[in-house]
Structure formats: structure tokens, C-alpha cells
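Undergrad: Here it is, the structure in full.
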Amino acid sequence: MSGISVPTPQPYPVHPGMETADAKEELRRAIRAQRGHRTARQRAQAAEAFADVIETIPEVRDAGCVAAYAARSAEPGMLPLLERLSGRGVRVLLPVLGAGLARDWADYTGPDDLLERAPGRPPEPGGPTLGTDAIKLADVVLAPALAVDSRGVRLGQGGGWYDRALTHLRPGAKVVAVVFPEEVYDAADRPLPIEEHDIRVHAVATTTDWRLLG
3 MSGISVPTPQ PYPVHPGMET ADAKEELRRA IRAQRGHRTA RQRAQAAEAF ADVIETIPEV
63 RDAGCVAAYA ARSAEPGMLP LLERLSGRGV RVLLPVLGAG LARDWADYTG PDDLLERAPG
123 RPPEPGGPTL GTDAIKLADV VLAPALAVDS RGVRLGQGGG WYDRALTHLR PGAKVVAVVF
183 PEEVYDAADR PLPIEEHDIR VHAVATTTDW RLLG
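Letter by letter, the sequence shown follows residues 3 to 216 in the working numbering.
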């Protein structure tokens, strides 16, 4: 039995009649709990696999500037990709959360500069902030997500930071959600709950492949 790979289940604690906000929170709890079962070794292996896949996306391969993110421990890891992009001269922008829900960006300058600068927040670079509109420099945005469906609906962490940030995206730039394979949902069977303010993404990348959505 040890040689048999058991598929990871796809949480979907959503039922007809649920309020959209409640459905989102139930999904977030279920997906976060599932992510929490991965070991540090599994997360490190997944981070390398994410980098291998994301580097094949044409918009990433040809980009001069990529807006990405620094992952919390259970999120899809980005560090190998950040290092690869930086190593070939790509400018990499990372979020800086600022006070409250303030949206800002700063340049990635290496792993030693990524620190958790406030409790519960993801690691952030310590260099000068560039302003909300810095995202307009990006040819492609790699957005963290808890899940995404085939329509391009993205389930985020619940703060709405990325939905607000993406309103500043320049025309033509692509948004790619990054999730584990079991977190890609078929909207015909298991649609993700969506609210008016939610911004859809153009594509999704997992440890195994990437694809266009919508």
C-alpha cells in the first residue's frame, strides 16, 4: 500500500441556500486545514515544482517585471521561483501590506530581506515602498489563492487585498492564481462562491501544469 498514491480530496462544504460570505468562510477553513497537513519537506518539493511550471508560462518567460508574493508557511511556496526570476534579471515586486488595508509594493532583493514584519502577515521586503500603482509595471501577476475555478473565480484569504490591488493593473497584464492541484474546481460541478467585488484571474498554475481559465 505504501507505493500507492492516494488522491487528495477536494473540500467543498457548500450547500444550496448558503450565504455567499458563509460559503467562502467554510471553504477557507476546509482548505486551510487540508494545507496544514503538508510536511515541510512536501512544501519545499512543491515550491520547486511550482517554479518549474510557472517558468513555462509565456507571459512569465518573456516578462521584464513580475508581481509575485512571499508565501506563508502553508501557501504554495514562491522562493525558488523568486530566485530564478531575479537570477535572470527579471524585476520582481512583492506586496507590502502597510497599515490597515494599505496596498503597496517593494522590490525583491533576496531571501535574507524577507521578514515577517507584523504578526500574522506574510514575509515582506524591507526596501523602499513603490506605491500602489507600482503594479502597473508588472507584465504578469502571480496571485496567491486558496482555490480557483474554471471560470477564473479566485478564493482569496478573505481580506480583499488582491481584489483591490488588481484594480490598478495595467491593460493587457495577466493574472495567474497559484494553487495546489486539488484546489482547482470545475465550475460546472463545484463553482466557487463569488461576490460583486471579486476579480477573476486569467490562468491558474499548480505543481503539475498551468492552464487558461474562463
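Backbone N, C-alpha and C fix where the C-beta goes; we use that ideal spot for every residue, glycine too.
Please read all numbers here as calculations on a predicted model, not as lab measurements.
Output yes or no for whether 8 Å exceeds the beta carbon distance between PRO78 and ALA104.
TA: In this structure, ALA104 does not lie closer than 8 Å to PRO78 by Cβ.
Undergrad: Just mark GLU61 as buried or exposed, buried being the case when its beta carbon has 16 or more other beta carbons within 10 Å.
TA: Burial call: buried.
Undergrad: Could you name the residues of the same chain whose beta carbon sits closer than 7 Å to that of ARG86, not counting the 5 residues immediately before and after it, in chain order?
TA: So the qualifying residues of the chain are ALA53 and GLU57.
Undergrad: Using the three-state DSSP reduction, which class does VAL155 fall into: helix, strand or coil?
TA: Looking at VAL155 - three-state DSSP - the assignment turns out to be coil, as it is neither helix nor strand.
Undergrad: Using only alpha-carbon positions, find the residue among VAL142, ARG74 and PRO82 that is nearest to PRO121.
TA: When only C-alpha atoms are compared, the closest one is ARG74.
Undergrad: Measure the alpha-carbon distance for VAL16 versus GLY91 and round it to whole angstroms.
TA: Approximately 44 Å between the Cα atoms of the pair.
Undergrad: What number of angstroms, rounded off, separates the C-alpha of ASP135 from the C-alpha of GLN36?
TA: Whole-angstrom Cα-Cα distance: 35 Å.
Undergrad: Would you tell me roughly how many angstroms separate the C-alpha atoms of THR210 and LEU84, rounded to the nearest one?
TA: Distance between the alpha carbons of THR210 and LEU84: 18 Å.
Undergrad: Is it buried or exposed for GLU185, if we count other Cβ within 10 angstroms and need 16 for buried?
TA: Result: buried.
Undergrad: PRO173 lies in the beta strand (DSSP E); which residues open and close that run?
TA: PRO173 -> no beta strand (DSSP E), and no H or E assigned at all.
Undergrad: Can SER152 and ALA207 be called in contact, C-beta distance under 8 Å?
TA: Going by C-beta atoms, SER152 is not nearer than 8 Å to ALA207.
Undergrad: What residue ranges within the region 29-92 form continuous alpha helix (DSSP H) runs of no fewer than 4 residues, ordered along the chain?
TA: Listed in chain order, they are 42-56, 60-63 and 81-89.
Undergrad: Assign ARG213 to one of three DSSP states: helix, strand, or coil.
TA: Reduced to three states, the DSSP call for ARG213 is strand.
Undergrad: Is GLY161 buried or exposed, if buried means 16 or more other CB atoms sit within 10 Å of its CB?
TA: Exposed, by the Cβ-count rule.
Undergrad: Which stretch, first to last residue, makes up the beta strand (DSSP E) that contains VAL143?
TA: First-last of the beta strand (DSSP E) with VAL143: 142-146.
Undergrad: DSSP state of PRO127, grouped into three classes?
TA: PRO127: coil per DSSP, three-state reduction.
Undergrad: Spell out the partners DSSP gives ASP109 in its beta bridges.
TA: Per DSSP, LEU95.
Undergrad: Report the rounded CA-to-CA distance for LYS138 versus ALA32, giving the unit in angstroms.
TA: So the two alpha carbons sit approximately 34 Å from each other.
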